[in-house]
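Trainee:
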């Protein structure tokens with residue numbers, strides 16, 4: 001039981017750190033309206049169920065699905081990728097090699113993302 005509890009705490013800390021970096025880089029730290037809308041999940045897959053180079057590999061993927069106005073600045077992109085990679089590396093006690101950590105950002109189609117049943121478009125268009 002302690003191993004599961006420790007893993008859960010580590011996952012919670014990791015998600016919190018990844019979310020805070022995203023908010024900080026977009027100038028949203030402490031923003032009470034946006035903070036609850038920065039969401040995510042951690043998915044642990046069975047050993048042998050992830051692949052790299054067509055072979056089973058122990059990989060870590062950080063994937064952000066964001067509105068079209070997020071991650072548009074190149075400095076924000078490169079900074080988030082570097083910091084997210086470091087967070088995952090640190091979380092593994094520096095055992096998980098950085099070359100097996102991928103970061104991918106996916107933009108939602110403008111108008112095809114929403115919260116609580118309301119579809120949104122970029123803020124300057126509403």
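Numbering (the numbering used here), first residue to last: 1 to 126. Just so it is clear, CB atoms sit at the ideal spot from N, CA and C, and this is done for glycine as well.
For residue 133, which of 46, 33, 69 and 60 has the nearest alpha-carbon?
Mentor: Look at the range of the chain in this structure, 1 to 126, and you will see that residue 133 is not part of it.
Trainee: Within 8 Å, do at least three Cβ pairs link the stretch 99-114 to the stretch 59-77?
Mentor: yes
Trainee: Under the three-state reduction of DSSP, which class applies to residue 123: helix, strand or coil?
Mentor: helix
Trainee: If you drop the 5 nearest sequence neighbours on each side, which residues of the same chain put their C-beta closer than 6 Å to that of residue 62?
Mentor: 84 and 103
Trainee: Name, in chain order, the residues that DSSP records as bridge partners for residue 104.
Mentor: 63
Trainee: Where does residue 47 sit, in a helix, a strand or coil, going by DSSP?
Mentor: It is coil, neither helix nor strand.
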